[in-house]
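As structure tokens, the structure follows; a few thoughts come after it.
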Amino acid sequence: DAGVIQSPRHEVTEMGQEVTLRCKPISGHDYLFWYRQTMMRGLELLIYFNNNVPIDDSGMPEDRFSAKMPNASFSTLKIQPSEPRDSAVYFCASSLLWVPGQVIYNEQFFGPGTRLTVL
Amino acid sequence: AQTVTQSQPEMSVQEAETVTLSCTYDTSESDYYLFWYKQPPSRQMILVIRQEAYKQQNATENRFSVNFQKAAKSFSLKISDSQLGDAAMYFCALNAGNMLTFGGGTRLMVKP
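And the structure:
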């Protein structure tokens, strides 16, 4: 398995532009997570999906951020319009079904991340 | 709410020596899991070791082991025979019901 795939690996854009980050989870995984990593705030969960349905988006910073999962093998995180404070590394992760007592099913596998720079 | 605290922003160890990274956490869940992730300069998040909260036995993975103290809500990582490749950021993480909460990280430096 190729693992979690994210694209692009690097994105540089200007303030006000729309940015779309993409993620392909590991085949067969039921959960998909989007995280943001910054020096100031560390790793933050933005949103997660179960079977393509958004379950918890309380971490999404504001309405400029939106995420979709149209099918089990693809998700996007969109920022419109982008601002310099959105500059960060964005990670996508996926995991299997949560099964109490089965920790191996609860491990989250991370993609390589997308480094976003908004000028 | 879940919290994870890593009180050591930076640690340094001599190559071949042993180092322990600290982590404390808080959760109201009875069923949860704890993880240590390594993040090298490549940014990739790599799972180092995992621990089921209901297991009293401490997890071990080669040179990596944990000291899990459930009552104290403590989950430290011990790295034995440190190698230059161990230099990275290390994150402690708590997973309760799919909500993975990370600590602030500890930067480990390994001196040759």
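Protein sequences appear in the order of chains A and B.
The opening position of the first sequence corresponds to residue 1 in our numbering, with each subsequent residue numbered one higher.
The opening position of the second sequence corresponds to residue 120 in our numbering, with each subsequent residue numbered one higher.
Note that beta-carbon positions come from the ideal geometry of N, C-alpha and C, so glycine has one too.
Computed from a predicted structure; not experimentally measured.
Chain-ordered neighbours of residue i on chain B, where CB pairs are closer than 7 angstroms
i       : result
P112(A) : R162, Q163
Residue i, DSSP secondary structure in three states
i       : result
G127(A) : As shown, chain A starts at 1 and ends at 119. That puts residue 127(A) outside it, with no answer to give.
G204(B) : helix
D150(B) : coil
D30(A)  : coil
R169(B) : strand
N214(B) : strand
R182(B) : coil
P84(A)  : helix
N50(A)  : strand
N106(A) : helix
D63(A)  : coil
Same chain, Cβ closer than 8 angstroms to residue i, neighbours up to 5 away in sequence not counted
i      : result
P84(A) : M15, V118, L119
Own chain residues within Cβ distance below 6 angstroms of residue i, not counting five before or after
i       : result
K157(B) : I165, V167, A207, Y209
L21(A)  : L77, Y90, T114
F49(A)  : L32, M69
S126(B) : S141
Interface partners of residue i on chain B, CB under 9 angstroms
i       : result
L126(A) : Outside the modelled stretch of chain A, which goes from 1 to 119, sits residue 126(A), for which no answer is possible.
Chain-ordered chain B contacts of residue i [CB-CB under 8 angstroms]
i      : result
F91(A) : M164
Beta-carbon neighbours of residue i, restricted to chain A and to distances below 7 angstroms
i       : result
N214(B) : N106
R226(B) : Chain A residues near R226(B): none, gap ~12 angstroms exceeds 7 angstroms.
Neighbour list for residue i in chain A, Cβ cutoff strictly below 9 angstroms
i       : result
F210(B) : G42, L43
Contact list for the stretch 15 to 32 of chain A against chain B, Cβ threshold 7 angstroms: Y31
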